[in-house]
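Each remark here refers to the structure printed beneath this line.
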Amino acid sequence: MRILTALTYYRPYVSGLTVYVERLARAWAEAGHQVTVLTSRYARHLPRNEAVSGVEIVRVPVAFRLSKGVIMPTIGLEATRQVRRHDVVSLHLPQFDAAGIALRGRRAGKPVVLTYHCDVRLPAGVLSPAAMAAVALANRIAAGAADAVVSYTEDYAHNSPFLRRFASKIHVIPPPVEIVEPTAEQQAAFRRALGPGGPLIGMAARLATEKGVEVLLEAMPRILERYPRARVLFAGPHRNVLGEAAYARRLAPRIAALGEHWRFLGTLDPPQMAMFFGACDVTVLPSLNSTESFGLVQIESMLCGTPVVASDLPGVRQPVLTTGMGRIVPRLDAPALAEAILDVLARRVSLRVDPRALRSVYAPEIVAAKYLALFDEIRARRR
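Heads up: the sequence shown at position 192 corresponds to 272 in the numbering used here, and the numbers run straight through without jumps.
Right under this line is the structure:
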């Protein structure tokens, strides 16, 4: 099968969405399918075309940025060419260009499947309301033209105003999650490099507004009362994050005030991420709103044996609720977050789940097969 998948940003850009699509595309390619990723050339040093892990990547030039989005004048021409070359179209929302691509797929008689990753909220600005309205309209047009809309969980689909509008098209497929397991020696060396100290509280994310970093900052004084040597390890982009400069400036003094109790590790590769989760005593997702729909890092953390404390948000709460491996807390509630972290630290040894059970649901090859079955179902209906 020739599969075209499209999204605004792709690797090497780091986000849950890009990691999701990379894992899915690679799994399709490993299963013997021809896979093309249509995306933006958001940085000029990136090649226009390349092949990575058996996946063809086509990057469309960017004329200029609009908040977190990009404007690509030639995306229509490239999309027309790519849709004609492929058997099915897999689109990932939110994406401004998804409407045009979905309509091209529909006109060409190709199955179109959307994956709705999360709601979109742009930083405050003069153009933000117009940009938000444009993205919302594009998403509605794309979903209207699609044959099916995929949601990570029933929880998020039920609570999302956007997804409820297309309830008859919803298919629930869990996200693809995998971990590169380190050796015992690698794990021990990683932990030693972090130095001695108290409990390690992990946060794996971009330094972005919706991640709720300030809630963890507010919770730290209470945690330090109990564990004076506790530290936060932040894994992920924290400098020059698109659209988040003002947020980073606002948090900088509070992070600096924590001194040695807060450490940025930067962007880690997959083996390092596994060692990071394995070194932490608890992983925290204090997310704020529906721009977070699941949190892949929760499953990654659990696969490494580390429990999670996450916000009580649709979708985000599901990994903890379905496994029991952690706690959920009200969003924006720093005292509750602190108490939940302390509780998990005290009970960490008893909070375990069989990794095999998680892999049977979230392994990329399992998820990829569910998408392929959906593609085949749509194609069969058209015969």
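Idealized CB from N, CA, C, for every residue including glycine. Nothing here was measured: the structure is a model prediction, and the numbers come from that model.
Quiz item: Taking the beta strand (DSSP E) that Glu130 falls in, what are its first and last residues?
Solution: Indexing the sequence shown from 1 puts residue 130 at position 50. DSSP places Glu130 in the uninterrupted beta strand (DSSP E) bounded by Asn129 to Val132.
Quiz item: Should Gly292 be labelled buried (16 or more other beta-carbon atoms within 10 Å of its own) or exposed?
Solution: Position 212 of the sequence shown, counted from the first residue, corresponds to residue 292. Label assigned to Gly292: buried.
Practice problem: Report the option in Leu376, Phe246, Pro174 and Gly189 whose CA atom is closest to the CA atom of Ala228. | Solution: Within the sequence shown, residue 228 is the residue found at index 148, counting from 1. Among Leu376, Phe246, Pro174 and Gly189, the Cα nearest to that of Ala228 is on Phe246.
Practice problem: Determine the burial state of Leu157: buried for a count of at least 16 other Cβ atoms within 10 Å of its Cβ, exposed for fewer. | Solution: Numbered from its first residue, the sequence shown carries residue 157 at position 77. It counts as exposed.
Quiz item: Out of curiosity, what's the CA-to-CA distance linking Ala131 and Ala109?
Solution: Within the sequence shown, residue 131 is the residue found at index 51, counting from 1. Within the sequence shown, residue 109 is the residue found at index 29, counting from 1. Linking Ala131 to Ala109 through their CA atoms gives a straight-line distance of about 11 Å.
Quiz item: If you run the structure through DSSP and keep just helix, strand and coil, what is Tyr236?
Solution: Counting from 1 along the sequence shown, the entry for residue 236 is found at position 156. Secondary structure at Tyr236: helix, using DSSP grouped into helix, strand and coil.
Quiz prompt | Arg121: first and last residue of the uninterrupted beta strand (DSSP E) it sits in | solution = Counting from 1 along the sequence shown, the entry for residue 121 is found at position 41. Judged by DSSP secondary structure, Arg121 falls within the beta strand (DSSP E) whose first and last residues are Gln114 to Arg121.
Quiz item: Given Val206, which residues of its chain have a CB within under 8 Å of its CB, disregarding the five upstream and five downstream residues?
Solution: Taking the sequence shown and counting its residues from 1, one reaches residue 206 at position 126. Since pLDDT at Val206 reaches only 44, below the 50 mark, its modelled position is unreliable, and the value read off the structure follows with that caveat. Nothing meets the Cβ criterion.
Quiz prompt | Selected residue, minimal CA-CA separation from Arg161, among Val230, Leu84, Val429 and His172 | solution = Position 81 of the sequence shown, counted from the first residue, corresponds to residue 161. When only C-alpha atoms are compared, the closest one is Leu84.
Quiz prompt | Ser170 - containing beta strand (DSSP E), residue span | solution = One-based indexing of the sequence shown puts residue 170 at position 90. Boundaries of the beta strand (DSSP E) harbouring Ser170: Val168 to Leu173, taken from the DSSP string.
Quiz prompt | Length-filtered (4 minimum) alpha helix (DSSP H) runs lying within the stretch 256-322 | solution = Qualifying alpha helix (DSSP H) stretches, in chain order: 264-273 and 293-306.
Quiz prompt | Contact set for Ala418: own chain, Cβ-Cβ below 7 Å, skip 5 residues either direction | solution = Taking the first residue of the sequence shown as 1, we reach residue 418 at position 338. Cβ within range, chain order: Ala299, Arg302 and Ile303.
Quiz item: Which value, in whole angstroms, describes the spacing of the CA atoms of Pro350 and Val192?
Solution: The residue you call residue 350 lines up with position 270 of the sequence shown. The residue you call residue 192 lines up with position 112 of the sequence shown. C-alpha of Pro350 to C-alpha of Val192: approximately 31 Å in a straight line.
Practice problem: Could you name the residues of the same chain whose beta carbon sits closer than 7 Å to that of Gly185, not counting the 5 residues immediately before and after it, in chain order? | Solution: Here residue 185 corresponds to residue number 105 of the sequence shown, with the count starting at 1. Excluding positions up to five away in sequence, the list reads Val163, Val169 and Val192.
Exercise. Just confirm the distance between the C-beta atoms of Arg343 and Gly316, as a whole number of angstroms; I'd bet it's less than 8 Å.
Key: To locate residue 343, count along the sequence shown from 1; it is residue 263. To locate residue 316, count along the sequence shown from 1; it is residue 236. Incorrect: roughly 12 Å between the Cβ atoms, too far for contact.
Quiz item: What residues in its chain sit with their C-beta under 6 Å from that of Arg82, if we drop five residues either side in the sequence?
Solution: For the purposes of this step, residue 82 is taken as the residue at position 2 of the sequence shown. Contacts found: Gln114, His166 and Asp167.
Practice problem: Report back the beta-carbon spacing between Glu234 and Val252 to the nearest angstrom; my notes put them in contact at under 8 Å. | Solution: The sequence position of residue 234 within the sequence shown is 154, counting from 1. The sequence position of residue 252 within the sequence shown is 172, counting from 1. With a Cβ gap of about 5 Å, Glu234 and Val252 count as contacting.
Quiz item: Among residues of its own chain, excluding the 5 on either side of Leu401, which ones have a beta-carbon nearer than 8 Å to its beta-carbon?
Solution: Counted from its first residue, the sequence shown places residue 401 at position 321. In the same chain as Leu401, and ignoring 5 residues on each side of it, the C-beta atoms closer than 8 Å to its own belong to Ile408, in chain order.
Self-check item: Closest Cα partner of Leu345 within the set Arg463, Phe356, Ala336 and Val441
Solution: Taking the first residue of the sequence shown as 1, we reach residue 345 at position 265. Of Arg463, Phe356, Ala336 and Val441, the residue nearest in Cα terms is Phe356.
Quiz item: If you run the structure through DSSP and keep just helix, strand and coil, what is Tyr451?
Solution: To locate residue 451, count along the sequence shown from 1; it is residue 371. Judged by DSSP in its simplified three-state form, Tyr451 adopts helix.
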